[in-house]
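Okay, so here's the structure we're looking at.
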Amino acid sequence: MSAAANTPWSVQFRRERQAAWIELEDLVSRAERSGLQSLGAEKMARLPVLYRAALSSLGVARASVLDQGLLQHLESLVARAYLVVYSPKRRFGEVLVPFLVHGFPGAVRSIRWHVLASGLLLLLGSAIAFAMVRADPEQYYLFVDSGMAAGRDPTASTEALRATLFSGRDDDGLLTFATFLFTHNSSVGILTYGLGFVLGLPVALLLLYNGMMLGAMTALFHDRGLAVEWWSWILPHGVTELLAIVLCGAAGLAVGQQVVFPGVHARQHGLMLVGRRMGAVVAGSVAMLLLAGLIEGVFRQIVHSVPVRYTLAAVFALLWTAYLALSGRSRA
Amino acid sequence: MSTAAWTETVTTPEGFELRFGRAAASERLVALAIDLGLVLLAAFVAGLVLYFTLGVGAALLLLFLLRQGYFVWFETRWNGRTPGKRLFHLRVVRADGGPLTVETLLARNLTREVELFLPLTLLANPDVLFADHTGWVRLAASLWILLLLFFPLTNPHRLRIGDLLAGTRVVVSPSVALVRDLADARAAAGVREPEPLFRFSPEMLAIYGERELTVLEEVLRKAKRSADPVVVEVARSICRRIGWTDEAAIGTDHARFLRAFYAAQRQHLEQQLLLGRRRLRKGPKGRRPG
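As given, the protein sequences belong to chains A and B, one line each in that order.
Just so you know, we're using my numbering here: the first sequence kicks off at 2 and counts up by one.
Just so you know, we're using my numbering here: the second sequence kicks off at 5 and counts up by one.
This is the structure in structure tokens:
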């Protein structure tokens, strides 16, 4: 070392590595501004090399360099470079295909017992309301408020009730109606996932309540001998929509369970493991609700044949079961 | 950010522990307000345009997409940043050091429905939530919902519920420019290494520790001119402490003396560090095994 007696060794340390740091900072700034792709193949290949060199420089500097100006620059440079090197995949296809093939169905399979519990809660709600309304039609108003009922209440004539099952709205309103249903249901589904954090209780209540609305309406139509037509009205989209609601509920229950009973993991670590998978379940459910909204808003208003409606419902039930149970199995 | 507290650590896949500053709750709040402002603005403008061109359905869909998609979209595209976060150099990182995935970002942002939009609805228009409930039910539910809003203030990492579920942290990652090395005499004087102007004995250098060195570095970096009163005062007090008597050698250029002392002191402490001896600060308690 040619430095004079009172030149710190870190001066030489910096002189030897400075050029690489400056080159790295240039690449990082460019990637931060306009994306990793803008660097080009050659520079992109340099990035990890320079990043690892800076990483090791920082390791040495932390242990034995006392120049705060240098230390703070290196800390910030390495942090920024790390964030550029390990940036998320951004291309649509890179994300969507794996998600659909194994991300979503895999996440659903990982909570199959919660899905069962969530489905049972929905059924339980329906059964309770069904029995109560069959016994006393006045109870109907307990479960369905007038806004949701839209004229479908015990005072309506049987003919009027039948008409609600086969009415076609004007074409202009169809898509609007479908969109409204989709956004409303999705918001409820997303809300359900978040509510899981507050111990999961509101999730169970929400599922019971949704089931009760369904059960009460079912009882009303059964009373008037419209059971077959009622189910043909509900099921084509209901198979998809109710399944999505059940999945969101299951996600909420799984989160709630993790909060209350963390099991083998530390609570925070376990929450993270469950949370990420449940985010996938909810996102997939939102896609299902979009489909359900389209069926409900468009298909159901156009097709009035009862057998066709049942066929479609059966096809969807089969497709969803097969997809969620089998897709991406080999990757798991 | 001279004395930034590196309080969030993230272990990279290489096994290296990175240090970030923790984002303050106030900064996150302002960043959030900016983002929400942008969402509202976009919703208002684009919503009106769509309402009059494609109809109310398209406008509804857009509102939904903005509300649920704004944060996920930007944090995916900009690697953990939104326009609001960018202003304050805030970023979302994974606590376990892996790259952010869309699943992670969905997990952390879908909870906003519960911890942000639900409380905001409550504050703006409680009647939407409790159509026909009054009194105690309303009070209890309101308190409970508002608790969700203040959840980040209940833990030291300032985690939202979404951060907990996604395993993410919000950190500050500013870019710090590389400043000149104060001890590099060649950088100041030219290509050749100049002869040292002052010679300090080992006893003189054995007094101060790393903390005093850091303060000295700060003083020198902040000094605008060599006759800065702070520089003069610090130089005098160091002279007294180390027993430097050659006032004539210092002359009027106190900054030159301080720079020389800084270089010598740093050289001494760094050499001790290489030998595994660490001196954190002056006094008998400053000595720690390195």
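C-beta atoms are modelled at their ideal positions from N, C-alpha and C, and glycine is treated no differently.
If you draw a straight line from the Cα of residue 67(A) to the Cα of residue 278(B), it is about 11 Å long.
With respect to the C-alpha of residue 14(B), the residue from 227(B), 172(B), 65(B) and 266(B) having the closest C-alpha is 172(B). For residue 178(B), the nearest beta carbon of chain A is closer than 8 Å to its own beta carbon. Short of 7 Å from the beta carbon of residue 298(A), and not among the five residues preceding or following it, lie these beta carbons of its own chain, in chain order: 175, 176, 178, 179 and 182.
The C-alpha of residue 180(B) lies about 18 Å from the C-alpha of residue 224(B). Shown here for residue 186(A): same chain residues with a beta carbon closer than 8 Å to its own, the five before and five after excluded, namely 242, 245, 246, 290, 293 and 294 in chain order.
Contacts between residue 177(A) and chain B, judged by CB atoms closer than 8 Å, involve 59, 60, 61 and 64 in chain order. Where residue 159(A) is concerned, the enclosing alpha helix (DSSP H) starts and stops at 159–167.
Within chain A, the residues 89, 90, 96 and 277 have their CB atoms less than 9 Å from the CB of residue 105(B), given in chain order.
In the DSSP assignment, residue 79(B) falls within the unbroken alpha helix (DSSP H) covering 60–81. Taking the CA atoms as reference points, residue 152(B) sits about 24 Å from residue 211(A). Along the segment 122–147 of chain A, there is no position whose C-beta sits under 7 Å from a C-beta of chain B.
For the segment 151–165 of chain B, the set of residues with a beta-carbon nearer than 8 Å to any beta-carbon of chain A comprises 152 and 165, in chain order. Residue 303(A) is positioned such that its CB atom lies no closer than 8 Å to that of residue 238(A). For the pair residue 106(A) and residue 280(A), the Cα-to-Cα distance works out to about 12 Å. For residue 322(A), the number of other beta carbons within 10 angstroms of its own is below 16, and it is reported as exposed. Comparing alpha-carbon positions, the option among 110(A), 125(A) and 215(A) lying closest to residue 327(A) turns out to be 110(A). By the CB criterion at 8 Å, residue 254(A) and residue 201(A) fall inside the cutoff. The three-state reading of DSSP puts residue 152(A) in coil, since its state is none of H, G, I, E or B. Annotated as distal: residue 194(A) and residue 260(A), with beta-carbon spacing of 8 Å or more. DSSP lists 23(B) as the beta-bridge partner residues of residue 13(B). Apart from sequence neighbours up to five positions away, the residues of its chain that approach residue 271(B) with a beta-carbon distance below 8 Å are 187, ordered along the chain. Annotation for residue 190(A): 245, 246, 249, 283, 286, 287 and 290 place their beta carbon closer than 7 Å to its own, counting only its chain and skipping 5 residues before and after. Rounded to the nearest whole angstrom, the C-alpha separation of residue 206(A) and residue 131(A) is 17 Å. Taking a Cβ-Cβ threshold of 8 Å, the residues of chain B close to residue 191(A) are 72, 114 and 117, in chain order. Between residue 122(A) and residue 208(A) a beta carbon distance of about 4 Å is seen, short of the 8 Å cut, so the two are scored as contacting. Residue pairing by DSSP puts residue 172(B) in a beta bridge opposite 98(B).
Counting the other CB atoms within 10 Å of its CB gives residue 137(A) a total below 16, which places it among the exposed residues. Looking at the backbone, the Cα of residue 325(A) and that of residue 100(A) are separated by about 12 Å. With a cutoff of 8 Å on beta-carbon distance, residue 150(B) and residue 123(B) are scored as near each other. A straight line joining the alpha-carbon of residue 162(B) with that of residue 231(B) spans about 45 Å. Along the segment 62–91 of chain A, going in chain order, the ones with a CB nearer than 8 Å to a CB of chain B are 64, 65, 66, 67, 68, 69, 70, 71, 73, 74, 76, 77, 78, 79, 80, 81, 83, 84, 85, 87, 88, 89, 90 and 91. Residue contact check for residue 210(A) against chain B: no CB pair falls below 8 Å. The segment 257–268 of chain B and the segment 227–247 of chain B touch, with no fewer than 3 CB-CB distances between them shorter than 8 Å. At a C-beta separation below 9 Å, residue 167(A) has no neighbours in chain B, since its nearest C-beta there lies roughly 23 Å away. Listed in chain order, the positions of the segment 239–256 of chain A with a beta carbon within less than 8 Å of a beta carbon of chain B are 256.
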